[in-house]
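Start counting the sequence shown at 0; every next residue gets the next number (numbering that gives the first Met the number 0).
We treat Cβ as the ideally placed atom computed from N, Cα and C, and that holds for glycine.
Computed from a predicted structure; not experimentally measured.
Notes follow once the structure below has been shown.
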Amino acid sequence: MGDRARSADRPRPPPARRRPRADALRNRERLLAEADAVFREEGTGASLEGVARRAGVAIGTLYGHFPTRAALIAALLEQRTAELLVHGEELAKGGDPGRALAEWVRAVVRHAAAYQGLTEQLAAGAAELSESCAELTALCDGFTERARAAGVLRGDTTGADLFTLMNAAAWSREHDTPEQADRLLDLALTGMLTTAPPQTLA
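Now the structure itself:
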């Protein structure tokens with residue numbers, strides 16, 4: 000009796016998590032593909048009902064996978080951010096910290112300007128998007144530290160400054176012509192770097 004009671008008192012292992020069904024995975028991938036297309040066409044404020052309709056599912060299915068708009072945007076950015084981080088790590092291995100910093104800034108600006116309204120979503124500080132921002136900010140810190148140590152960046156420039164500049168430049172790309180936005184970014188980089196940054200590529 001005592002053994003049986005002691006056995007009953009032992010904590011039970013948590014139930015195994017069920018693997019998502021194949022049709023649920025297909026729905027998720029279809030929703031992401033259609034959301035990417037809709038957000039590129041209409042911006043991040045586009046109708047989520049429209050996204051669900053294009054994916055051929057009910058709006059409840061969309062919310063089952065992505066409870067909020069920010070969660071959907073975060074899922075879309077996850078793969079692109081991973082690729083961007085790999086690119087940043089490759090740039091960091093280069094021998095010219097100033098050039099690497101300038102190229103990194105431009106890569107992040109293109110990333111952030113992919114969807115109209117994305118910069119506003121990032122600035123709003125939604126928890127779902129904070130992980131991507133934290134990873135990018137950490138790389139910004141590394142780029143600024145190396146550039147400062149090499150004497151090619153103003154000594155008072157921080158990674159937070161760089162991240163703010165990238166958000167502002169991405170916002171400019173959404174609201175100005177690409178040429179004007181790139182010119183403003185070039186001017187900002189020239190003011191930060193003690194050596195001329197590489198010319199913006201079209």
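task: Round the Cβ separation of Ala146 and Leu138 to the nearest angstrom and send it over; I've been treating them as touching at under 8 Å.
output: Taking the first residue of the sequence shown as position 1, residue 146 is located at position 147. Taking the first residue of the sequence shown as position 1, residue 138 is located at position 139. Their Cβ separation, rounded to whole angstroms, is 13 Å, which puts Ala146 and Leu138 out of contact at 8 Å.
Practice problem: For the stretch 65-97, list the alpha helix (DSSP H) runs that are entirely contained and at least 4 residues long, ordered along the chain. | Solution: 68-91
> In whole angstroms, what is the alpha-carbon distance linking Pro96 and Asn26?
Replying inline: One-based indexing of the sequence shown puts residue 96 at position 97. One-based indexing of the sequence shown puts residue 26 at position 27. Cα-Cα distance, rounded: 43 Å.
Inset, instruction - With Ser46 as the anchor, note down where its alpha helix (DSSP H) starts and where it stops. - result: Your numbering for residue 46 matches position 47 in the sequence shown. That residue, Ser46, is in no alpha helix (DSSP H); it is neither H nor E in DSSP.
Exercise for the section: Would you be able to state if there are at least three C-beta pairs under 8 Å between the stretch 178-193 and the stretch 148-165? Expected result: yes
* Compute the Euclidean distance between the alpha carbons of Leu100 and Ile58, then round it to the nearest angstrom. => Position 101 of the sequence shown holds residue 100. Position 59 of the sequence shown holds residue 58. Going by the C-alpha atoms only, they are around 42 Å apart.
Alpha carbon to alpha carbon, what distance is there between Glu33 and Val50? Along the sequence shown, one-based indexing puts residue 50 at 51. Along the sequence shown, one-based indexing puts residue 33 at 34. Straight through space, the alpha carbons of Glu33 and Val50 are spaced by roughly 6 Å.
Notebook entry, point to check: Mind checking whether the beta-carbon of Ala69 lies closer than 8 Å to any heavy atom of the ligand NAP?
Noted result: This structure simply doesn't include the ligand NAP, nor any ligand for that matter.
Check your understanding: Taking buried to mean at least 16 other C-beta atoms within 10 Å of its own C-beta, is Asp181 buried or exposed?
Key -> On the sequence shown, position 182 is the one that residue 181 refers to. Classification of Asp181: buried, given that the 10 Å Cβ count is 16 or more.
Just mark Leu90 as buried or exposed, buried being the case when its beta carbon has 16 or more other beta carbons within 10 Å. Looking up residue 90 in the sequence shown gives position 91. It is buried - the Cβ of Leu90 has at least 16 other Cβ atoms within 10 Å.
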